[in-house]
Every structure is written in structure tokens, then in C-alpha cells.
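Participant: One structure follows; several queries about it will come next.
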Amino acid sequence: MKRETIHTPRAGRPGIAWALPAVLFFVFFAAAPMGIVGYLSFTDWDGLSDPSWTGMDNWSKLWNDDRMRNAIWLSLLLTALTWLTQTPIVLLLGVWAAGRQRNRAVLSAIFFLPLLASSVALALLWRTIFDPNLGLAPDVANWFNLDSSDLLGSPTGAFVAILFVTGWQFVPFHTLIYQGGARNIPQSLYDAAAIDGAGTVRQFFHVTLPQLRNTIVTSTVLMVVGALTYFDTVLILTRGGPGDSTSIVPYLMYETGFRAFDLGYASAVAAALVITATGISLLLVRLTGFNRMRSTREGM
Amino acid sequence: MTHLDLRETPRAQRQEGPRTPPPRRRNPRWRKANYPAGLGAFVWLLIVVVPLYILVASTLQTRQEYLDNGPLSLPTSISFDSYRQVLEGDFPRYLLNTVIVTASCALIVIALAVTVSYSIVRTRSRMSQRVFQLFLLGLAIPSQAVIIPIYLIITELQLYDTLLAVILPTAAFSLPVSVLILVGTMRDISEELYESMALDGATPVRMLFQLVIPMSRAGISTAGVFSALGAWNGFLFPLILTQSRENRVLTLGLYDFVGEFRVDIPALLAAVVLSIVPIFTAYLFARRQLINGLMGVGGK
């Protein structure tokens, strides 16, 4: 605790002890549980008695579990489709919103409402809309060219519904991120491009898009981690069904842990989820050179 | 001891600063030509507004009207029965619990995040950089991945099925974002202000209360809004860590209404609307804080 005095030329600096309460609190409720989940993944635990060590049992079970494989596949598919559908929308909306429209302030109050409501509230709303008897389901099914009017009752329909509802909910969030990014692009770049005779489309592809590189990475990482951890919406909208057609990894973990009370195995699933999410994030950051890039404006 | 009125210093400085307009004006050409993007934004607005219209319109119908006419119809006579029905049930208790959880979370997060950010920004020690890295890494921890160990910790602490069981982990998971926001804000406070206080012989505590907190008010409210929003909408922690009716929060209450109001769609949706109204009202006041905070994520 005394060390900071060595480095401090002047008095009046807070010691590292100031960081202690927050660090302890955070380690206790967030960081340490990450370690504990690793430990629990090697045990058999029903949530009541003490966990008993079973070595690699859960992990080898995980490796051979068909439901688990299906869940991993569904999670990856959902993540990829989330990125492919949301990114073009939020990119365009964000860049548009960074301009000066007179009605923007009024619109944003409505526009961002999905951002404020809980996943639970929104999932309930959509569940009602998709209801085969009471809602709009027949019309919606027509738009997607599905035979069944029971959108949530068909495997593809239920999956599309999850994709749509989560997109509906999170597009405003990512739009804001892009809006912030687009506002930070120096005007001089557009002026230069305009002098060179670049039109709107060329300006978009040669100025806006490259300048938004960091933003794209940030938003992509958030989207990927988000999509890998969608849970509330699945629980309320489809309960993983029909069959296992929407039981993505987090849902399967919940079901295994808190419905079947196989918390040891569920811990292995959770640990696998963390490894996957962290791995993908790191890979993205590495591949795009995000960590090496100090400033998007280098070379200006 | 000389008396330097430090609360006046920043304000005076702000007034002397050059009053240049913010450097984020867009190319005028671009704005004029951007009709396609405007159209896209309008289409998205429809996608957002139609379900919200269905939501509100459904709640104003009686149950029979809704069954007869379907969700897209205009209510022939406006009825507030659904709202009355919800408000006479357990809803007020859930609301109170949610308010308690949200307020406690925001207070804990602000108290801890302010002190730890102050230490990260001002402590001259390698440890303080480590602390910052810990919180940056913490941003990537999905709460679902650690829900099983947290369940274990909460049961061990004998906090299961209390509001505290929800408050503590929720606050811990809001800390990383808040620290990120506050460190950013506090780094902008100029060194000279600290130095002049130090010459005055001010203690770290005095600097915190007379310089750091007044100067980072914007960051503190943004962090507060974020942690409050997270706590208000939190679902997983209440779902796993509470059980009895008197400890239910709004999101969990909504989830249970599904069973309770199985065919009474207007009542179910009225509960959804009532759960959004308080947060929407708060949003109208804190809109700027929320949006600036979100835009900062991708802008930097």
C-alpha cells in the first residue's frame, strides 16, 4: 500500500487502496465465478448436496452429446445470420442518423424505444403478435413464404422469429454506435473526396466505410457476444422449440442446469460458451488488426 | 491556508474556452442527396412503430373486442380495464421491488466506479493499470456463463431469494462499463487543476469531492443511467436467484403473467406497457446521457 509514494512526486494522489473496494466486489461476483465455473465443470452437482469431482466426465459427455452439437451449430448459425442481417441495416441507419435531420430528435424517442424495454417485455409482445390464433402470425408467415401459419410452431419459422425479434431489439443500439463513429469522421475527408469528384456512393465506400473500421469491429464483437448469449428471448418466445430447433447453447445450459439440475454438466456447457465467445472475439480483433491500429486517422 | 475556490475554476475555464461549433458537420451535398437512406430510416421506423401500435391498441380493447377483431383493429371504445386489472394485482409490488433493485444497483455502481476510476486515473503505480485491464477484460464476461457459480455463492451467503441476491451480482456486472465511461471522463480533467489543489495541500478525499466529482458529473450520470437500465431490465439473475412472489421484480413478474393471463392478451400487454412507462419517462429526461454514452462506444 505504501508503494505509490515512491512513484508520486507530489502529495495528494490517491493510493491504490482506493481501487480495492471495487476490485474486491468485482472479483467476488464476476471474475472469481469464472474460475469456479471451470472447477464445477469437472464435478457432478445437483445444486443441493456438495459437488463431487468426476474429472473429465462432463467434458467427454459434451463432446459426444448430439443435443449439444445441435446447440453449438444453432448458436453459430444465429450469430452469423445476426451479423449478416443487422450490419447492413445499422451501418446505413447509423450513417444516416449522423447527418442533420430536423426531425431526428423527435424520431429518436420512438426509434429507440426497443432499446429501453426489457427483452422479456419485447419477447412477450412478439409472442402475442406471432400467436397462431390471436395474433398476426398468418400474415407474417406469408411474408416469409412459410406454409404454416403457426410461425413459432415450425422449426425454420421459430428460428427466423428469434433472429427477427433480437434484430428488432438491438438495431437501435448498434445504430447509435455507428452514429457516434460516423460523426467522428473528419469533414475534410469528405471535402477532399468531393473535390476529386466522388459522388455520394463513392464517398460512402471510400471514406465512410474505411473510416468506420474501428466501429465495425466494436459493433461486430458486441453483436457476436450478444448473439452467443441470447437467452431471455428464446426462453419466452420458443422455449428452445419446436423440438430442439431453437435451443441455442445458453438455453440448453439453463435447461440442463436449472430444470434438470445437472449443474456440473451445465457448468461445462457454460465454460465452453465462454471459451467460444472469447475465442471468436480475440480472433476478430486479431484478424482485423484492431489492437495494432492506434488511430483510424493515421496517414492523414 | 490560501483559499482557492476550486469549484469556480472549471466553470470560468469553460467560459473562456473558444466557442467553436462542434466539428462534426456533414458535407451539405451529401445530406441533400441522401434520400435512399432517409427512405430506409423511414421503413425501419415503420417496422418499429407498427408493433408498438399493436401493443398499445391491444391494451385499450376489452378482451372480447380483441378476440373478435384481432390485433390490428382500432379500438371502437377505449377501455382501461386491462390496466386496472394489472394494477390491482401484484404489479405494484413488482414495481416497488424493481425500483429498490435499480436504485441500489445505481448507487453501489456509482460509489465503487467513482473511487476505482479516480484511482486508475490518478494513482502512479503499475497496479492501477492492472486494475483497469481487469475491468476491460470484465466487459467480455457474459453473465450467463457465471450464473451457476453465482447461484452457488449466493446460496452459500444465505442470500437466496432476497432482493440483495439480485442487487449484488447485477451491480458487479454493471461495473466494467461504468469504469470505462468514468475513466474516460476523468482523464479529461486537466492536470493543472490537480496541481493547484495539491499546492494548497488538499488531500485525495478533498480532491475527489471538490474537483473530480463536480467535473465528471456528465460521466457519472451516464454511468448511472446505464447501470439503472441494466438493473431495470435484468432477467437472468432474478430468475435464478429469487423464488417467492414478494421478491419478484418486474421482468420476472411479466414472465409469470404469461401463465396467469394466458388468454387475456390485453391484460398481458397492459402489464408490458406499464413496465415500459417508467423507464420511458426517465429516458425522456436522461436521453442525452444515454445516447452520448452509447455513441462514445464506437466513436473512440
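As they're listed, the protein sequences go chains W and H.
Take 17 as the starting number for the first sequence in this note's numbering and just add one per residue.
Take 594 as the starting number for the second sequence in this note's numbering and just add one per residue.
No residue lacks a Cβ here, since even glycine has one placed at the ideal position from N, Cα and C.
For clarity, every value in this text was computed on a predicted model and none was experimentally measured.
Measure from the alpha carbon of Q219 (chain W) to the alpha carbon of each residue in W:G273, W:V285 and W:V111, then state which is nearest.
Facilitator: When each option's Cα is compared against that of Q219 (chain W), the closest is W:V111.
Participant: Just to confirm, are L100 (chain W) and G633 (chain H) a CB contact at a threshold of 8 Å?
Facilitator: No, the pair does not count as a contact, with Cβ atoms beyond the cut-off.
Participant: Within the same chain, show all residues whose beta-carbon is closer than 6 Å to that of T182 (chain W), passing over the 5 residues directly before and after it, in chain order.
Facilitator: Cβ neighbours of T182 (chain W) beyond the five flanking positions: Y246 and T249.
Participant: Tell me the DSSP bridge mates of T59 (chain W)?
Facilitator: According to DSSP, which records beta bridges pairwise, T59 (chain W) is partnered with W:W69.
Participant: Do you know how far the Cα of T815 (chain H) is from the Cα of P130 (chain W)?
Facilitator: Going from the Cα of P130 (chain W) to the Cα of T815 (chain H) covers about 19 Å.
Participant: Report the residue ranges of all beta strand (DSSP E) runs contained in full by the stretch 738 to 783 of chain H; include only those spanning at least 3 residues, in chain order.
Facilitator: Listed in chain order, nothing qualifies, since the stretch 738 to 783 of chain H has no complete beta strand (DSSP E) run of 3 or more residues.
Participant: Mind the definition here: the stretch 88 to 108 of chain W touches the stretch 167 to 185 of chain W only if three or more C-beta pairs lie below 8 Å; say whether that holds.
Facilitator: At 8 Å Cβ cutoff, the stretches touch.
Participant: With contact counted as at least three CB pairs below 8 Å, one residue from each stretch, are the stretch 131 to 149 of chain W and the stretch 226 to 233 of chain W in contact?
Facilitator: The answer is no - the stretch 226 to 233 of chain W does not touch the stretch 131 to 149 of chain W, with fewer than three Cβ pairs under 8 Å.
Participant: Got a sec? Which residues, its chain only, sit under 8 Å from V702 (chain H) by beta carbon, not counting five neighbours each side?
Facilitator: Excluding sequence neighbours, V702 (chain H) sits near A764, S767, L768, S771, A816, G817 and S820.
Participant: Kindly list, in the order they appear in chain W, the residues whose Cβ is closer than 8 Å to that of L768 (chain H).
Facilitator: Under the 8 Å cutoff, chain W gives A38, F41, F42 and A46.
Participant: Could you spell out the range, first to last residue, of the alpha helix (DSSP H) harbouring H190 (chain W)?
Facilitator: Taken as a continuous stretch (DSSP letters only), the alpha helix (DSSP H) holding H190 (chain W) covers P171 to R199.
Participant: Run through chain W and tell me which residues come within less than 9 Å of N840 (chain H), C-beta to C-beta.
Facilitator: Near N840 (chain H) there are no residues of chain W at all, since even the closest Cβ is about 17 Å away, more than 9 Å.
Participant: Suppose contacts are defined by Cβ-Cβ distances below 8 Å. Is A860 (chain H) in contact with F684 (chain H) by that definition?
Facilitator: Contact: no.
Participant: If I measure Cβ to Cβ from Y676 (chain H) and keep anything under 6 Å in the same chain, skipping five residues before and after, which residues do I get?
Facilitator: Within the same chain, Y676 (chain H) has close Cβ partners A863.
Participant: Which chain H residues sit within Cβ distance under 9 Å of D66 (chain W)?
Facilitator: Within 9 Å Cβ-Cβ: nothing; D66 (chain W) doesn't reach chain H, min ~10 Å.
Participant: Give the single residue among H:Y744, H:I858 and H:I693 whose Cα lies nearest to the Cα of A48 (chain W).
Facilitator: The candidate whose alpha carbon is nearest that of A48 (chain W) is H:Y744.
Participant: Do three or more CB pairs link the stretch 50 to 57 of chain W to the stretch 739 to 755 of chain H at distances below 8 Å?
Facilitator: Yes, the stretch 50 to 57 of chain W is in contact with the stretch 739 to 755 of chain H.
Participant: Kindly say whether L756 (chain H), judged by its beta-carbon, lies nearer than 8 Å to any beta-carbon of chain W.
Facilitator: No, L756 (chain H) does not count as interfacial toward chain W.
Participant: Between G823 (chain H) and I693 (chain H), what straight-line distance do the alpha-carbon atoms span, to the nearest angstrom?
Facilitator: When rounded, the distance between both Cα atoms is 14 Å.
Participant: Starting from the Cα of N86 (chain W), find the closest Cα among W:L299, W:M269 and W:G273 and give me that residue.
Facilitator: Considering only alpha carbons, the answer is W:M269.
Participant: If I'm right that V724 (chain H) touches L775 (chain H) with Cβ under 8 Å, what's the distance once you round it to whole angstroms?
Facilitator: V724 (chain H) to L775 (chain H), Cβ: 13 Å. No contact.
Participant: Counting pairs of beta carbons, one from the stretch 195 to 204 of chain W and one from the stretch 281 to 297 of chain W, are three or more of them closer than 8 Å?
Facilitator: The answer is no - the stretch 281 to 297 of chain W does not touch the stretch 195 to 204 of chain W, with fewer than three Cβ pairs under 8 Å.
Participant: Classify I884 (chain H): buried if its beta carbon has 16 or more other beta carbons within 10 angstroms, exposed otherwise.
Facilitator: So I884 (chain H) counts as buried.
Participant: Within the 8 Å Cβ cut-off, does G273 (chain W) reach chain H?
Facilitator: Taking Cβ atoms only, chain H reaches closer than 8 Å to G273 (chain W), which makes this a yes.
Participant: Check whether chain H comes within 8 Å of A286 (chain W), counting only Cβ atoms and requiring the distance to be less than that.
Facilitator: Yes, contact with chain H.
Participant: Checking contacts by CB at 8 Å: is V724 (chain H) closer than that to chain W?
Facilitator: With 8 Å as the cut-off, V724 (chain H) counts as an interface residue toward chain W.
Participant: Would you say R838 (chain H) touches the ligand ATP, meaning its beta carbon is less than 7 Å from a heavy atom?
Facilitator: The model on display carries no ligand, and the ligand ATP is accordingly not part of it.
Participant: So, do the stretch 27 to 36 of chain W and the stretch 719 to 738 of chain H have three or more beta carbon pairs nearer to each other than 8 Å?
Facilitator: Flag = yes, the stretch 27 to 36 of chain W and the stretch 719 to 738 of chain H touch.
Participant: Could you check whether the Cβ of R29 (chain W) sits closer than 8 Å to any Cβ belonging to chain H?
Facilitator: Answer yes: the Cβ-Cβ gap between R29 (chain W) and chain H drops below 8 Å somewhere.
Participant: Between which two residues does the alpha helix (DSSP H) containing N230 (chain W) stretch?
Facilitator: Where N230 (chain W) is concerned, the enclosing alpha helix (DSSP H) stretches over R229 to L244.
Participant: Could one say the Cβ of L92 (chain W) lies closer than 8 Å to chain H's Cβ atoms, at least one of them?
Facilitator: It does not: the Cβ of L92 (chain W) has no partner Cβ on chain H nearer than 8 Å.
Participant: Please report whether the beta-carbon of Y676 (chain H) lies at a distance below 8 Å from any beta-carbon of chain W.
Facilitator: Not closer than 8 Å to any Cβ of chain W, the Cβ of Y676 (chain H) fails to qualify, so no.
Participant: When you compare the CB positions of L238 (chain W) and A139 (chain W), do they come within less than 8 Å of one another, or not?
Facilitator: Not in contact: L238 (chain W) and A139 (chain W) (Cβ atoms no closer than 8 Å).
Participant: Within the same chain, show all residues whose beta-carbon is closer than 6 Å to that of R619 (chain H), passing over the 5 residues directly before and after it, in chain order.
Facilitator: Confidence in R619 (chain H) is poor, its pLDDT being 47 and thus under 50, which makes the residue's placement too unreliable to answer from.
Participant: I believe F127 (chain W) touches P188 (chain W) by the beta-carbon criterion, under 8 Å. Please report the beta-carbon distance rounded to the nearest angstrom.
Facilitator: F127 (chain W) to P188 (chain W), Cβ: 6 Å. Contact.
Participant: Identify the contact partners of T716 (chain H) in chain W, using a Cβ-Cβ distance below 8 Å as the criterion.
Facilitator: In chain order: E20, R29, P30, G31, I32, W34 and A35.
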